[in-house]
Structures are given as structure tokens and as C-alpha cells.
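There are 2 protein chains.
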Amino acid sequence: MSNKKRVSKKVRQEKLKEMIKEDPFQNDEELASAFGVSIQTLRLDRMELGIPELRERFRNVAEGNYEKVRSMVGAEIVGELIDLTLGKQGISILETTEGMAFKKTNIVRGHHIFAHAESLAMAVIDADVALTGVANIKYLKPIYLGDKLVAKAELVRIRGNKHFVHVKITVNQQQVFRGKFIFVSLSMDVDEE
Amino acid sequence: MSNKKRVSKKVRQEKLKEMIKEDPFQNDEELASAFGVSIQTLRLDRMELGIPELRERFRNVAEGNYEKVRSMVGAEIVGELIDLTLGKQGISILETTEGMAFKKTNIVRGHHIFAHAESLAMAVIDADVALTGVANIKYLKPIYLGDKLVAKAELVRIRGNKHFVHVKITVNQQQVFRGKFIFVSLSMDVDEE
DNA sequence: ACTGTCTTTATGACTAGGTACTAATTATTA
DNA sequence: TAATAATTAGTACCTAGTCATAAAGACAGT
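These protein sequence lines are chains A and B, in that order.
Per my numbering, residue 1 is the first one in the first sequence, and the count goes up by one each step.
Per my numbering, residue 194 is the first one in the second sequence, and the count goes up by one each step.
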């Protein structure tokens, strides 16, 4: 072997990258002792790899996720609302990101697409709050990480407190999803079909 | 008025609590100047209210959300898997929490229920990775914040690369959701109905 | 007017988890 | 063995604080 240390440095840095990815919340001291090197060496490694200091990592994760959790979980609408005519139709866009997809295949998990469609459909309805009653949906093509989803929703009929909304999602003009939703507004209870 | 300053202190502290809730990522200097008081005063306020320092707030949000995002968005299964017979049936439980529900009504957003059902249905299938093809679902009753969802999935038929799974969700033995999913395993492309 | 209490501001010493830089030491390898 | 790379050590400095002490300002009651 021509260079034990050089290799070990590269290997160490590779492992460091992985470690940071798996658990970004360790300080230099902990990381250094995990590799059996000095703090300075570890800091050089971080510098070379462009890995920011612990507090900045905290900041990044906190800020990134704060947005995510606010906009994804707690939000009234999943995706970005582009156009909306209350009681008629609406368009929303969702950029698919890491974490929405299976790691193995990079295929976006179905429920994100469902959430996108459902929340847009809900936004279109001109009633205080509606509850999803029935949904008939079909995934026409797999959606891959990075695909930009364009959802178009159309309110097609209202019967009593039931609202019928159709949603189509396309990626690059190609249809990938369609869904028919029936929402029941909340003034009355949801009854049997 | 017996004490202008005392009142303004209380008011200031109330406002501080709100500000921190809305945007926890401001340091003492910014907060102090927002109220027109000195840094020391603001720190006293924080102490009295038990609000931790900025870095700890970063840490809390980062660590809290890291878990959330990992377990909720990126997870292979939504909810807790209780029982699973691969290729036959499975049971999973999901405790509904804040953030899953509309603030106004405390009704849990439909896509969380969908995600719960879909991911369990997926877990039951004995194939490498499957993609949701078609789903026919019905919400029978509104689900409220705090409800504990019990999902039971059953693989009812396999035809070629199509897997038919039925999922029932109950809250306190009362059925609240049913869904029929068709998953297409990935060896072949998804074709038209 | 003086005292007491609350509130606010100031000051200094100290901390974690670093950055930035210089210098020295220890491999490794041609 | 000399050159080069890798590692370690050490110093000054930074931010966003903590903790403790002190002093100044506001206001009420006596």
C-alpha cells in the first residue's frame, strides 16, 4: 500500500460525511474522539468538506424543518397555490423533494401526491371547512424525486352539502394522477353512501 | 393608574411569548430593540418566562423536527406497526396529534389518514417495492384530534403484478374509514385500467 | 422629603463551540 | 535523506449567551 494515512484520511472524511448525515448534532470533540484524532484534524476535515459548525447545523435543520413542518404538516394547503377561483377551479404546484420519496427507488410516496391533490381540491370549495368523504383516485405513472407536480382542480357539481371535485396532476404536460373527491361540508354529519 | 411600568412589563412579557412562538429564531438583541428595552431587561424577561436562549431554541426545534420529519415524512410506514403477516394482513396504530388537524375544527386532515392506510397496505405486500395504482377510499366519520386510529389491512387478491389490499380504520371499535388499494409491483410499468 | 420596592440598565467575569491563523511535530514516500 | 503531506498544538478572537453584583430611575406610602 502506497499511503496508509492518505487513504485513511479520505476514508475518515467519507465516514465523517455519513456520520453528519445520520446525526448532525455532534460537536467537534465528540466527532474527533469517535475517529481517534485531534479536534484540529477534525476541524480541518470539516473545512475541507465544507461542513459547517455544529450551531450552524442546528440552525439549518431548525430553520429548514420549521418551514417544512409549518408548510407541509400544519399548512392549509400542500404545495404552492398558483391560481384559485373559489367555487370553480384552482392550480397548485408541488416540487418533490428528498424525504418524499423512497430512498431505494426515488419514487415519490403516494400519500404526498394524494395530499397535494386533496388539499387543492379542498381549497377550491367555497365552504367554511369541508371533510373528505369519498375519493376515487388513480396513479397513472410513477412520480420520481425532483418531478414538479402541477395539480388542477375543478369543482364539477354540488348536491346538498356534497361537493364533487376532480383533480388532475401532470408532470411535464403528462398526466400522472387523477382523483375524484367528494367533500361533505360540516353543517351536517357524514352519512352513508 | 397605579403602575404604568408594571403593566407594561406584563404586557411586554406576554408579547414576548407570542413573538417567540411565531418566530423563535431571534436573538436577545433583536428582541430587545423590538421592545425598545435593554438586552438585560429582555434577558430578565426570558428568565422569568423560562424561555431558553436562542441556541437552545435552535437545538430544540432542530432535534424535535428532525425526529418528526424522519418519522413522519421519510418513514417507510406512518403509524406504529403492531402486527404483520407478509402477504396476508397487518395492523398498525396511529395516535393523532396537533398539526395533523385543522386548528379551527380539530378535525384530522384526510391525507394523514390516507397515508396511514396506504403505508400499512404497502407493508403487507410481499414484493420489493410497490407503487400505488388505484385507490378507492371512503371516510365514514370525521376523525378528531386525539383519536387513536387502528388500521387493519388485508391482501385480498393478486393478479399478475397487481395486488389488491383492503384497509379498514377504526376509532374505539367504530369504523371511520375504508379503502381499497391496488398496488402495482415495479417489475413492469403501470398500464391503463 | 425620605424610605422601600420594583424595574431597568450597566458592568465584569466566565462559558461553549467554535473561526482564523501560525507553528511545530510526526508520518509517509519518492 | 529531503520533500511533502498529515496531524497536532497553541493563541487570539467571536457570538450569544449565563451568573452575579451594583447602581440608577420610577413611583407609592408614610
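Even glycine gets a Cβ: it sits at the ideal position worked out from N, Cα and C.
- Shown here, B/Ala310 sits in a helix according to DSSP, grouped into three states.
- Looking at A/Lys162, A/Gln13, A/Ile82, A/Ile113, the one whose alpha-carbon comes closest to that of A/Ala34 is A/Gln13.
- Under the Cβ criterion (8 Å, minimum of three pairs), the stretch 239 to 251 of chain B does not count as touching the stretch 283 to 297 of chain B.
- The C-beta of A/Ile137 comes closer than 7 Å to at least one C-beta of chain B.
- Boundaries of the beta strand (DSSP E) around B/Glu347: 341 to 352.
- A contact is defined here as three or more CB-CB pairs under 8 Å, and the stretch 101 to 118 of chain A meets this definition with respect to the stretch 163 to 170 of chain A.
- With a beta-carbon spacing of about 23 Å, B/Gly326 and B/Ile284 fall beyond the 8 Å limit used to define contacts.
- Going by beta carbons, A/Val124 and A/Val165 fall inside the 7 Å limit.
- Between the beta-carbon of B/Asp216 and that of B/Ile232 there is about 18 Å, and that puts the pair past the 8 Å contact cut.
- Under the 10 Å beta carbon count, A/Ser8 is surrounded by fewer than 16 other beta carbons and is classified as exposed.
- Taking 8 Å as the upper bound for CB-CB distance, A/Ser185 and A/Ala135 are not in contact here, some 16 Å apart.
- Rounded to whole angstroms, the gap between the alpha carbons of B/Met315 and B/Asp238 is 51 Å.
- Taking 9 Å as the Cβ-Cβ cut-off, the stretch 27 to 52 of chain A has no residue approaching chain B.
- Taking a Cβ-Cβ cut-off of 7 Å, the neighbours of B/Arg252 in chain A comprise Phe58, given in sequence order.
- Excluding the 5 residues flanking it on each side, B/Glu347 has same chain C-beta neighbours closer than 6 Å at Gln282, His359, in chain order.
- A/Gly90 is bridged by DSSP to A/Leu84, A/Ala153.
- In the same chain as A/Val61, and ignoring 5 residues on each side of it, the C-beta atoms closer than 7 Å to its own belong to Pro24, in chain order.
- For B/Arg248, the residues of chain A that pass the 8 Å Cβ criterion are Arg55, Phe58, in the order they occur in the chain.
- The beta-carbon separation of B/Ala310 and B/Val301, rounded to 13 Å, does not stay under the 8 Å limit for a contact.
- The beta carbons of A/Ser119 and A/Val78 sit about 4 Å from each other, so the pair counts as a contact at 8 Å.
- Excluding its 5 nearest sequence neighbours in each direction, A/Arg43 has C-beta neighbours in its own chain below 7 Å: Asp28, listed in chain order.
- The beta-bridge partner set that DSSP reports for B/Gln367 consists of B/Val364.
- Per DSSP, the unbroken alpha helix (DSSP H) holding A/Gln40 starts and ends at 39 to 49.
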